[in-house]
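Report on one structure; see the data block that follows.
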DNA sequence: ATTATTGAGATTGATGACAATATTGTAATG
DNA sequence: CATTACAATATTGTCATCAATCTCAATAAT
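Chains as they are written, first to last, in my numbering: chain A, 4 to 229; chain B, 4 to 229.
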């Protein structure tokens with residue numbers, strides 16, 4: 004048995020008591036999304052426990068959280084693996100995002116305050132000068148800022164989960180400069196529609212934005228797999 | 004400390020190894036949905052472990068599963084409680100169901116085989132002569148049968164989760180005979196539209212059905228809370 | 001040569017014990 | 001009498017260990 008990476012790349016010493024599982028899940032999620040944990044990789048509990056310097060229990064709980072996000076698959080008595088990515092899965096995620104996010108935006112727009120739109124715009128500014136690694140997170144936060152006023156906790160949690168799933172695909176393709184440029188344009192249009200409180204246009208923008216993103220990623224993935 | 008119900012009301016001896024958590028979750032879900040576990044009730048791990056005759060670990064995993072379904076809320080270091088029910092939550096569930104289920108049906112209809120429609124019709128037959136306790140489960144299965152051909156695992160899992168959440172409200176109101184009668188009519192209309200592979204009509208039926216259901220339940224809950 | 005079997009090793013699922021945190025009841029003080 | 005500080009209790013989070021299951025290679029049989 005070789006030494007492994009014996010210790011924690013964990014950023015902030017794994018939080019307090021009761022937050023270890025969440026911290027481990029966050030770190031693993033980051034790595035899976037970033038692609039450093041490739042699909043199909045086996046996630047041994049003992050191995051992860053050793054790496055993070057904790058027992059197997061918090062690791063198990065962390066894995067459960069990732070299963071809920073669809074980033075990890077779990078066969079009873081057989082262990083956990085990073086889920087495969089596929090065109091079908093990508094398509095499904097984007098279909099669901101479209102349904103969930105257009106619903107959230109529709110409800111949120113009448114409640115949206117100017118300061119919240121400002122906040123979204125500031126995030127978009129950051130996004131346009133961000134590096135690969137930060138793109139996914141900032142992008143999610145941009146969208147979430149616009150949806151938050153809808154005051155629907157279940158729906159927002161669902162959207163977050165889909166965002167995590169989508170980020171896996173996004174990160175592999177965001178290197179394509181044109182994808183980012185196109186995305187930025189669409190975000191700006193969406194912001195304008197929100198400022199006007201123009202529900203119809205805003206939802207049309209969002210729908211197009213998500214469709215287009217899904218298609219771009221799909222093409223990229225297809226090319227990469229071939 | 005009083006003896007509690009020392010042992011398992013569990014139906015099928017709690018399955019084999021690795022299925023205990025799922026079995027416990029299923030039993031708790033049943034009780035929460037049926038209303039015998041009232042909202043706000045504290046779910047002590049030790050207590051549940053004692054009651055089911057197992058250790059606390061499978062109980063913890065079961066609680067996690069219920070959290071994912073939104074039936075249980077979990078504060079770190081403070082424990083689990085049955086989530087409150089509310090008009091806002093009911094509304095949110097039905098909004099999400101509408102978005103998710105109309106998407107699933109839209110994709111499924113072109114793939115729907117006659118035998119699958121027959122299966123759904125058979126379930127509807129059962130549903131019309133079912134008792135309160137079976138209503139929720141059969142109702143979910145009826146809907147799921149129509150969606151299954153869409154071949155979208157994430158989406159179907161999401162719909163299942165929403166169904167569980169909706170059943171909590173459904174069970175309190177299904178006693179109203181007129182709700183069931185109305186629901187049956189709508190199911191029949193939906194089946195006709197599916198047989199014709201008439202996507203537009205089918206989705207309109209489904210949307211109306213879900214909206215109407217949500218409104219009926221909302222009125223009932225409002226009345227009951229007052 | 002191919003397939004079935006079986007046994008060792010590895011890994012997961014579950015248990016009971018310990019440490020940290022929250023809750024509650026009591027007493028002291030204004 | 002109300003309020004706050006503190007101690008006792010209860011409950012959760014984690015750990016270390018045991019038991020059951022799976023993997024996989026080596027062996028034997030057809």
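Note that CB positions come from ideal geometry on N, CA and C, so glycine has one too. Since the model is a prediction, treat every value here as computed from it, not as a measurement.
query	result
Inter-stretch contact at 8 Å, needing at least 3 Cβ pairs: the segment 144-164 of chain B / the segment 107-114 of chain B	yes
Where residue 140 of chain B falls: helix, strand or coil (DSSP)	helix
Proximity of residue 187 of chain B and residue 103 of chain B at Cβ, strictly below 9 Å	no
Contact check, residue 27 of chain A vs residue 65 of chain A, beta carbons under 9 Å	yes
Counted within 10 angstroms of its Cβ, other Cβ atoms place residue 57 of chain B as buried (16 or more) or exposed	buried
Residues that residue 155 of chain B contacts on chain A, provided the C-beta gap is smaller than 7 Å	95
Inter-residue spacing [alpha-carbon to alpha-carbon] between residue 32 of chain B and residue 124 of chain B	27 Å
Inter-residue CB distance, residue 144 of chain B and residue 126 of chain B (contact presumed, cutoff 8 Å)	6 Å
Counted within 10 angstroms of its Cβ, other Cβ atoms place residue 137 of chain B as buried (16 or more) or exposed	exposed
Chain A contacts made by the segment 77-94 of chain B, where a contact means CB separation under 7 Å	79 and 80
Euclidean distance between Cα positions of residue 4 of chain B and residue 50 of chain B	Note that residue 4 of chain B scores a pLDDT of 34, beneath 50, so its modelled location is shaky; the value from the coordinates is reported in the next line. Their backbone Cα atoms lie some 11 Å apart in a straight line.
Coil, strand or helix - residue 82 of chain A by DSSP	strand
Test: residue 161 of chain A CB closer than 9 Å to a CB of chain B	yes
Reduced DSSP category for residue 46 of chain B - H, G, I as helix; E, B as strand; rest coil	strand
Interface partners of residue 106 of chain B on chain A, CB under 9 Å	98, 99, 101 and 102
Residue 202 of chain A versus residue 53 of chain B - alpha carbon distance	54 Å
At least 3 beta-carbon pairs within less than 8 Å: the segment 189-207 of chain A vs the segment 90-99 of chain A	no
Residues within the segment 19-50 of chain A neighbouring chain B, beta-carbon criterion of under 8 Å	20, 21 and 22
Chain A contact residues for residue 158 of chain B, given Cβ-Cβ distances below 7 Å	95 and 99
Beta-carbon gap between residue 208 of chain B and residue 225 of chain B smaller than 9 Å	no
Which listed residue (A:227, A:41, A:185 and A:48) has its alpha carbon closest to that of residue 83 of chain A	A:48
Start-end ranges of the alpha helix (DSSP H) lying completely within the segment 179-213 of chain A, minimum 4 residues	180-198
C-alpha distance - residue 146 of chain B paired with residue 168 of chain B, whole-angstrom precision	15 Å
Whole-Å CB distance - residue 148 of chain B paired with residue 38 of chain B, under 8 Å assumed	In fact, because the Cβ distance is near 26 Å, the residues do not count as touching under 8 Å.
Under 9 Å by beta carbon: chain A residues contacting residue 217 of chain B	What residue 217 of chain B touches in chain A: nothing, since even the nearest Cβ is about 14 Å away.
Cβ neighbour criterion (16 or more within 10 Å) applied to residue 1 of chain B	Limits of chain B in this structure are 4 at one end and 229 at the other, which puts residue 1 of chain B out of reach.
Buried/exposed call for residue 129 of chain B, threshold 16 Cβ in 10 Å	exposed
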